[in-house]
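Asker: If you scroll down you'll find the structure; I have some questions about it.
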Amino acid sequence: MYIDRFLTYLAKERKYSPKTVESYANDLKEFETFLAEVRRKKIAEAETKDIRRWLVWLQSQGRKPRTVNRKLTALRSFYKFLFKTGNIAANPASPLKGIKVPKTRSVPLSEKEMNFLLEDFPFPDDFSGWRDRAVIQTFYDTGMRRAELIGLRNRDVDRSAGLIRVTGKGNKERRIPLLADLDRTLRQYEAFRDAKFGPQPADAPLFLTDSGRKLYEMFVYRLINRYISMVSNKEKRSPHMIRHSFATHILNRGADLNTIKELLGHGSLAATQHYLHSGLAELQKVYRNAHPRSRKK
């Protein structure tokens with residue numbers, strides 16, 4: 002009962018995405034099961050020590066620090082909701098701190114690697130080949146997130162305006178220029194798609210699986226992982242890597258941080274600066290080597 006009310010609050014009032022709401026639901030139900038089986042308590046009866054014991058148990062099961070911290074965040078929000086609605090006297094999760102997570106930085110692909118993938122790689126001349134190429138090119142030419150690409154509808158490609166409408170975090174919409182080459186690739190993909198599955202309505206998903214269904218996260222991850230492994234030996238191969246590459250490459254070619262921030266859909270410039278650590282480092286190196294006063298002591 003409490004969990005359902007909280008999830009409704011997240012979806013209706015906070016406007017969280019279905020994916021985020023589902024993540025909260027899974028975390029809360031996992032804790033509810035642990036609490037019932039190990040502590041013999043209902044979720045509204047949990048104490049700080051119960052939550053701490055669960056977090057320790059999660060770590061003993063090999064859960065990564067980021068995963069444990071995410072689950073703690075879900076509990077904090079849930080119990081904050083129960084406290085504010087008068088269902089509990091205090092938030093038992095508020096005294097607990099998250100686990101320190103070692104910082105890891107992703108490394109973008111080089112322009113040479115991306116150019117080979119989009120210009121020279123022999124994609125099959127069929128539905129799957131053009132779909133895969135279009136997905137990769139959409140990531141690289143727009144910098145959108147995986148969930149944003151999956152959520153694209155046919156109507157979001159506004160050719161008359163030369164824009165792609167993207168619905169980002171918090172249901173915030175932004176518009177990204179539709180490059181001519183990406184438009185050509187999308188048209189080729191759409192021709193193969195419509196020949197295979199029939200004409201698609203405006204509100205249907207833009208990208209489809211081989212069986213004609215909407216893309217899903219693991220499908221996209223595997224697609225990107227497979228192709229990047231053919232052009233790069235970098236260990237981390239994910240849609241995020243291409244988004245990172247997009248931002249780094251346009252920064253290196255002169256785009257300002259505010260423009261990149263808007264294109265990426267970041268809420269703050271600080272997020273963009275952290276995201277572009279490698280590009281900024283390269284710019285600093287170029288600056289120090291090129292500026293006539295950089296060697297002045």
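In terms of the working numbering, the sequence shown opens at residue 2 and continues consecutively.
Using N, Cα and C, we set each Cβ at its ideal position, and we do this for glycine too.
1. Cutting at 7 Å between CB atoms, please list the residues of its own chain near L29, excluding the five before and the five after it.
2. Considering only DSSP beta bridges, list what P178 is partnered with.
3. Alpha carbon to alpha carbon, how far is R175 from V158? Give it in angstroms, no decimals.
4. So, K262 versus T249, is the Cβ gap smaller than 8 Å?
5. Find the nearest neighbour of G163 within the set L183, F193, G130, judged by alpha-carbon distance.
6. Could you pull the DSSP bridge partners for L209 from this structure?
7. Can you tell me where the alpha helix (DSSP H) holding K42 begins and where it ends?
8. Check this for me: beta carbons of Y141 and S246, under 8 Å apart or not?
9. How would you label R6, buried or exposed, when you count the other beta carbons within 10 angstroms and need 16 or more for buried?
10. Around the Cβ of K20, are there at least 16 other Cβ atoms within 10 angstroms (buried) or fewer (exposed)?
11. Work out the CA separation of K98 and D126 for me, nearest whole Å.
12. Is the shortest distance between the beta-carbon of I243 and the beta-carbons of chain D less than 8 Å?
13. Bridge partners for D159 per DSSP, in chain order?
14. Using only the alpha-carbon positions, how far apart do D133 and A203 sit?
15. Counting only runs of 4+ residues fully inside the segment 48-104, write out the alpha helix (DSSP H) ranges in chain order.
16. Between the alpha carbons of V39 and R54, how many angstroms are there, rounded?
17. V123: which of L11, A90, K65, V232 sits nearest, CA to CA?
18. Nearest to M2 by alpha carbon, out of Y17, A45, E31?
19. Should L264 be labelled buried (16 or more other beta-carbon atoms within 10 Å of its own) or exposed?
20. Below 8 Å on the Cβ atoms is my contact criterion, and I expect I137 with Y228 to pass it. Report the Cβ-Cβ distance as a whole number of Å.
21. State the start and end residues of the unbroken alpha helix (DSSP H) segment that holds H245.
22. Would you mind stating whether V167 and I151 have Cβ atoms separated by less than 8 Å?
23. What residue from F208, D257, V108, T68 has the CA that sits closest to S129's CA?
Answerer: Answer, in terms of the structure:
1. I4, A75, F79
2. DSSP lists L164 as the bridge partner or partners of P178.
3. The alpha-carbon atoms of V158 and R175 are separated by roughly 12 Å.
4. no
5. L183
6. Paired residues: K215.
7. Where K42 is concerned, there is no enclosing alpha helix (DSSP H), given that its DSSP letter is neither H nor E.
8. At a Cβ-Cβ threshold of 8 Å, Y141 and S246 count as neighbours.
9. Label assigned to R6: exposed.
10. exposed
11. 53 Å
12. Although the question refers to chain D, the structure presented lacks it and comprises just one protein chain.
13. Note: D159 sits in a beta bridge opposite L164.
14. Their Cα atoms are separated by approximately 21 Å.
15. 49-61, 66-85
16. 10 Å
17. Checking the displayed sequence, the identity of residue 123 turns out to be Pro instead of Val. Selected option, being the one with the closest Cα: V232.
18. A45
19. buried
20. Yes, they are in contact, since the Cβ atoms of I137 and Y228 sit about 6 Å apart, within 8 Å.
21. 240-253
22. No; because the gap between Cβ atoms is not below 8 Å, this pair is not in contact.
23. F208
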